[in-house]
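Structure follows, in structure tokens:
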């Protein structure tokens, strides 16, 4: 799964790669956790790309409460078109989730040691889906990250990783008129060369911790 990620790129980098205009200031985030707002890119009603924050953890439109979103952080590429929570969004409501990297952990007994997988270019796009849920008089937009089997770099630590899309795929992925069967072949592990990886401080394990020091390489000599 993908349980934590980062977005440390500049607003200019995000606007350039995703061909959007950011309406709000972009603050670097070093420990994005489930249920928090994340930046997404989707098409608006007129077919224009729009960047907006959404809750991480997809809440199906038919859900009685938001708690189901805590179990819908990730959508498995192999079964996304079969699951009740995901099959309609993946057909009609696909999005891009800008990211600079993500974390995975190795375990030693009860301890977890995080590794940071960082985009070499400091910015990439996770494949995502989104949904709208009504809570009383409030509309909540939420999203999930699509995951697939790992590439050679991630495999030693975990059996899943986020699907990474190439910029040449952005347009068709976002277009609701593109059939899922056309984009399904893209839901595979990306090349390992897109990332570099290093161990980081276990303080990232606590979702309330933030700051650039969380992604600094751990000094294993100390």
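In the numbering used here, the protein residues as written are 2 to 223.
Backbone N, C-alpha and C define an ideal beta-carbon position, used for all residues, glycine too.
CA-to-CA, the gap between residue 118 and residue 11 works out to about 18 Å. Boundaries for residue 161: no beta strand (DSSP E) harbours it, and the DSSP string shows neither H nor E there.
Minimum Cα-Cα distance from residue 141 among the listed residues 132, 149 and 78 corresponds to 132.
CA-to-CA, the gap between residue 152 and residue 137 works out to about 43 Å.
Distance check between residue 97 and each of 109, 85 and 128 places 128 closest, using alpha-carbon atoms only. Secondary structure note for residue 29: it is in no beta strand (DSSP E), with a DSSP letter that is neither H nor E. Runs of the alpha helix (DSSP H) spanning 4 or more residues and lying entirely within the segment 79–163 occur at 88–93, in chain order. Residue 158 has its alpha-carbon roughly 25 Å from the corresponding atom of residue 59. Residue 63 carries a coil assignment under DSSP once its states are collapsed to helix, strand and coil. Here residue 78 is buried: its Cβ has 16 or more other Cβ atoms, across all protein chains shown, within 10 Å. Our two residues, residue 110 and residue 206, have alpha carbons roughly 15 Å apart in a direct line. Distance from the Cα of residue 14 is smallest, within the candidate group 122, 43, 116 and 148, for 122.
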